[in-house]
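For the sequence shown, the residue numbers in the numbering used here are 71 to 390.
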Amino acid sequence: MEKILVTFPAPSMAKILLKEYETVYNEEERVLSKDEIIELGKDATALLTTLVDKIDRDIIYSLPKLKVISNCAAGYDNIDIEAAKERRIAVTNTPGIVSKATADIAIALMLAVSRRIFEASSFLRAGKFEGWRFNLFQGLGLHRKILGIIGMGNIGKEVARRAIGFGMRVIYYSRHRIPEADEHVFSASYYPLEDLLRTADVISLHVPLTPETFHLINKERLMLLKPNAILINTSRGPVVDEEALIEALKEKRIYGAGLDVFENEPYIPEELMALDNVVLLPHIGTATVETRQTMLIDAIQNIVKVFAGEKPDSFVYLPE
Numbered sequence: 071m072e073k074i075l076v077t078f079p080a081p082s083m084a085k086i087l088l089k090e091y092e093t094v095y096n097e098e099e100r101v102l103s104k105d106e107i108i109e110l111g112k113d114a115t116a117l118l119t120t121l122v123d124k125i126d127r128d129i130i131y132s133l134p135k136l137k138v139i140s141n142c143a144a145g146y147d148n149i150d151i152e153a154a155k156e157r158r159i160a161v162t163n164t165p166g167i168v169s170k171a172t173a174d175i176a177i178a179l180m181l182a183v184s185r186r187i188f189e190a191s192s193f194l195r196a197g198k199f200e201g202w203r204f205n206l207f208q209g210l211g212l213h214r215k216i217l218g219i220i221g222m223g224n225i226g227k228e229v230a231r232r233a234i235g236f237g238m239r240v241i242y243y244s245r246h247r248i249p250e251a252d253e254h255v256f257s258a259s260y261y262p263l264e265d266l267l268r269t270a271d272v273i274s275l276h277v278p279l280t281p282e283t284f285h286l287i288n289k290e291r292l293m294l295l296k297p298n299a300i301l302i303n304t305s306r307g308p309v310v311d312e313e314a315l316i317e318a319l320k321e322k323r324i325y326g327a328g329l330d331v332f333e334n335e336p337y338i339p340e341e342l343m344a345l346d347n348v349v350l351l352p353h354i355g356t357a358t359v360e361t362r363q364t365m366l367i368d369a370i371q372n373i374v375k376v377f378a379g380e381k382p383d384s385f386v387y388l389p390e
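This is the structure:
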């Protein structure tokens, strides 16, 4: 019988879907250590993982029966893909499902930063509200602002779709220019990266974490932003040089930032926490009931299809 290690506390739905298999679950609200994954998964033919599980070369080579690693996430930078290829272990993910929920969070962060929503809420809860004032928490509107999307994939396109409803003009940068028909749908214009950073009022990041995108937004590129620019990151924390961003925010060189991801999660620098021109969320981009359920179902189906010798719906690597 196939054996599956589920590295996170899975809902009852997962246990129903996996009832035909011998399955070991992590029932604790914490991330398993490397040694725990190796011990619990020593006879596993599949791992069902999330983005916080670091499935490195040691783990991959310590599980002799492993056939598939199914990541319940769009990204897969937590998995050593080269080691998986060497051992001919399939790696699957769930990319298409997360787009709408993540785009919603990106727009929410734009609104929260531009309209100073968390500052205003904290002010009120502290008992400081004494009635309407003309200058109280004036922020910036999004209407007619230029949105610069870096990474015009599924999530980037969903952000563009929503931004149009706010009357924003969309420009974008991607490794590959999208088809002209798509540019027309989103009224989106392609800009080289540095030109986009100089032009946009709001910059929203939607790229995977790769060696090429590590610190894509660094000190030099932050210097290109307008004084009233807003930076939004719902992709991966290390895409932004966090130290350089803190410096830019402290010196008020940009208007603000909205972050759902951080460079060294779960650690967040105290300097960042202390700033009032940044909105911080605990990596909840896909955290809707509907999205997480669908992600889980698809991740399980990917395992089932690999076991059956079928092609999974989405994969990063599939042995021939």
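C-beta atoms are modelled at their ideal positions from N, C-alpha and C, and glycine is treated no differently.
Contact check, residue i vs residue j, beta carbons under 7 Å
{"i": "F78", "j": "T120", "result": "yes"}
{"i": "M365", "j": "T172", "result": "no"}
{"i": "A80", "j": "Y95", "result": "yes"}
{"i": "V277", "j": "T269", "result": "no"}
{"i": "I151", "j": "I125", "result": "no"}
{"i": "L136", "j": "I107", "result": "no"}
{"i": "L275", "j": "V309", "result": "yes"}
{"i": "Y260", "j": "R247", "result": "yes"}
{"i": "F207", "j": "A190", "result": "yes"}
{"i": "A314", "j": "L292", "result": "yes"}
{"i": "D113", "j": "K85", "result": "no"}
{"i": "D311", "j": "H353", "result": "no"}
{"i": "I316", "j": "E341", "result": "yes"}
{"i": "Y387", "j": "A154", "result": "yes"}
{"i": "I414", "j": "Y242", "result": "Shown here, the chain extends from 71 to 390; a query on residue 414 therefore has no answer."}
Close beta carbons around residue i, own chain, < 8 Å, minus the five adjacent residues each side
{"i": "I234", "result": "V240, F256 and S257"}
{"i": "I300", "result": "M180, V183, S184, L210, D271, V272, I273, I324, Y325, G326, A327 and G328"}
{"i": "F188", "result": "A182 and V349"}
{"i": "R214", "result": "G237, M238 and R239"}
{"i": "F193", "result": "F199 and F207"}
{"i": "E264", "result": "R291 and L294"}
Residues bridged to residue i (per DSSP)
{"i": "V349", "result": "G328"}
{"i": "S259", "result": "I241"}
{"i": "K73", "result": "E92"}
{"i": "V272", "result": "L217 and I300"}
{"i": "N334", "result": "Y337"}
Contact test: residue i Cβ vs the ligand NAD heavy atom, cutoff 6 Å
{"i": "K112", "result": "This structure lacks the ligand NAD; in fact it carries no ligand of any kind."}
Residues of its chain near residue i, where Cβ-Cβ distance is below 6 Å and the 5 sequence neighbours each way are ignored
{"i": "S140", "result": "L118, T162, A369, N372 and I373"}
{"i": "R306", "result": "L279 and V331"}
{"i": "P249", "result": "none"}
{"i": "G64", "result": "Given a span of 71 to 390 for the chain in the structure shown, any question on residue 64 remains unanswerable."}
{"i": "D147", "result": "L279"}
{"i": "V359", "result": "none"}
DSSP state of residue i mapped onto helix, strand, coil
{"i": "N148", "result": "coil"}
{"i": "T283", "result": "coil"}
{"i": "I216", "result": "strand"}
{"i": "I175", "result": "helix"}
{"i": "I354", "result": "coil"}
{"i": "F199", "result": "coil"}
{"i": "N205", "result": "coil"}
{"i": "L121", "result": "coil"}
{"i": "N288", "result": "coil"}
{"i": "V101", "result": "coil"}
{"i": "F236", "result": "coil"}
{"i": "V392", "result": "What is shown of the chain runs 71 to 390, which leaves residue 392 out entirely."}
{"i": "A182", "result": "helix"}
{"i": "A114", "result": "coil"}
{"i": "H246", "result": "coil"}
{"i": "F377", "result": "helix"}
{"i": "R210", "result": "The sequence shown places Leu at residue 210, not Arg. Coil, per DSSP."}
{"i": "A400", "result": "Absent from the model: residue 400. The displayed extent of the chain is 71 to 390, so no value can be given."}
{"i": "M343", "result": "helix"}
Nonlocal neighbours in the same chain, by C-beta distance under 7 Å from residue i, ignoring five residues either side
{"i": "R232", "result": "A173 and I177"}
{"i": "D346", "result": "E189"}
{"i": "G145", "result": "L121, P278, L279 and R306"}
{"i": "I129", "result": "K104, I107 and I108"}
Tell me the start and end of each unbroken beta strand (DSSP E) in the region 295-328 that is at least 3 residues and wholly inside, in chain order.
Within the region 295-328, the runs of beta strand (DSSP E) at least 3 residues long that lie entirely inside it are, in chain order, 300-303.
Fully enclosed by the region 126-173, which beta strand (DSSP E) runs are 3 residues long or longer?
Runs found: 138-141 and 160-162.
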